[in-house]
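> Going by the numbering used here, the sequence shown opens with residue 4, and the numbers climb by one from there.
The beta carbon of each residue, even a glycine, is placed where N, CA and C say it ideally should be.
The structure displayed is predicted, hence computed values, not measured ones.
If you scroll down you'll find the structure; I have some questions about it.
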Amino acid sequence: MRAVLWDLDDTVLDTLEPRMEALAHAHRSVVGHDTDALELWRRYRGATIEAIGRDLAGEDYPRFVETFREHYFGREVPVPVFEGVATVLRDIVASGRSNAIVTAKVSWGAIGELQRAGLLEYFAAVVGFDDTDLHKPDPEPVLTALQRLTLDDPAEAMMIGDTPADIGAAQAAGCLSVAALWGSVDREAVLAMEPDHIAETPFDIAAIIGTEPLEAAL
4 MRAVLWDLDD TVLDTLEPRM EALAHAHRSV VGHDTDALEL WRRYRGATIE
54 AIGRDLAGED YPRFVETFRE HYFGREVPVP VFEGVATVLR DIVASGRSNA
104 IVTAKVSWGA IGELQRAGLL EYFAAVVGFD DTDLHKPDPE PVLTALQRLT
154 LDDPAEAMMI GDTPADIGAA QAAGCLSVAA LWGSVDREAV LAMEPDHIAE
204 TPFDIAAIIG TEPLEAAL
């Protein structure tokens, strides 16, 4: 295993609450009425905010997306990281392997949050919504990350994520797939995708990879 690809939200960063607040705000402001944001999020299961906006707001989706991003990224609060994630990221890098982010979030937003969380140094690549034409569960974002890591064989990488879209993208790309259940809002849907591995906590990732240096693992 040479590379570990991570979804960002609900896998690395514990951002569910502010994202749901932003989604509810955008729905109220653009669609025109209140909604249960969490149930709405479960329904779309890892879709991009652009896809959600198109479905809910039709031709007015650019305003939906802009309203969501202004509300979400306008926060000036610490970026919460799941317990154990920083340790696992550091150990992966120390072992000679590479980490990358593969997210449906716009790349400048993802990079900014990782920087504020003190995690950006652990990632050799960040692939966001604006970096690909197609999005998870299509394999293009995963394959783009592997290209940036100069890794030719997808089987030498694993993709970790909390949604069916993450697992589907990994499977389509030919990577090992890992369900990150510590932040998932729909465990049953993720497990129904039959991922290669299941991680209840970030520390389970270390056990899946192994702790020996990369050279020793070859």
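Looking at residue 176 and residue 163, is the spacing between their C-beta atoms short of 8 Å?
No. Outside cutoff.
> Measure the C-alpha to C-alpha separation of residue 67 and residue 45 and round it to an integer number of angstroms.
Taking the straight line joining both Cα atoms gives about 18 Å.
> With a floor of 3 residues, list each beta strand (DSSP E) that falls wholly inside the region 160-202, ordered by position along the chain.
Qualifying beta strand (DSSP E) stretches, in chain order: 160-164, 179-183 and 200-202.
> What first and last residue would you give for the alpha helix (DSSP H) that runs through residue 91?
From DSSP, the alpha helix (DSSP H) with residue 91 extends over 88-97.
> With a threshold of 7 Å (Cβ to nearest heavy atom), would residue 25 be considered close to the ligand COA?
This structure does not include the ligand COA; it has no bound ligands of any sort.
> Which residues share a DSSP beta bridge with residue 101?
Partner(s): 6.
> May I have a chain-ordered list of the alpha helix (DSSP H) segments no shorter than 4 residues that lie completely inside the region 50-80?
As far as the region 50-80 is concerned, its whole alpha helix (DSSP H) runs of at least 4 residues are 52-60 and 64-76.
> DSSP three-state label for residue 12, please.
Three-state DSSP puts residue 12 in a strand.
> CB residue 148 to CB residue 130, shorter than 8 Å?
Result yes, Cβ atoms of residue 148 and residue 130 sit closer than 8 Å.
> Does DSSP put residue 127 in a helix, in a strand, or in coil?
Correct three-state label for residue 127: coil.
> In the DSSP assignment, the alpha helix (DSSP H) including residue 148 goes from what residue to what residue?
Here the alpha helix (DSSP H) through residue 148 covers 143-151.
> Spell out the partners DSSP gives residue 84 in its beta bridges.
In the DSSP output, where bridge partners are listed per residue, residue 84 has 16.
> What's the gap between the Cα of residue 166 and the Cα of residue 53?
Rounded to whole angstroms, residue 166 to residue 53 spans 17 Å at the Cα level.
> Taking the straight line between their C-alpha atoms, what separation do you get for residue 83 and residue 62?
When rounded, the distance between both Cα atoms is 34 Å.
> How long is the line joining the alpha carbons of residue 21 and residue 9, rounded to whole angstroms?
Their Cα atoms are separated by approximately 20 Å.
> Is DSSP giving residue 154 helix, strand or coil here?
Residue 154 falls in the coil class under three-state DSSP.
> Are residue 134 and residue 110 close, meaning C-beta to C-beta below 8 Å?
Yes. Within cutoff.
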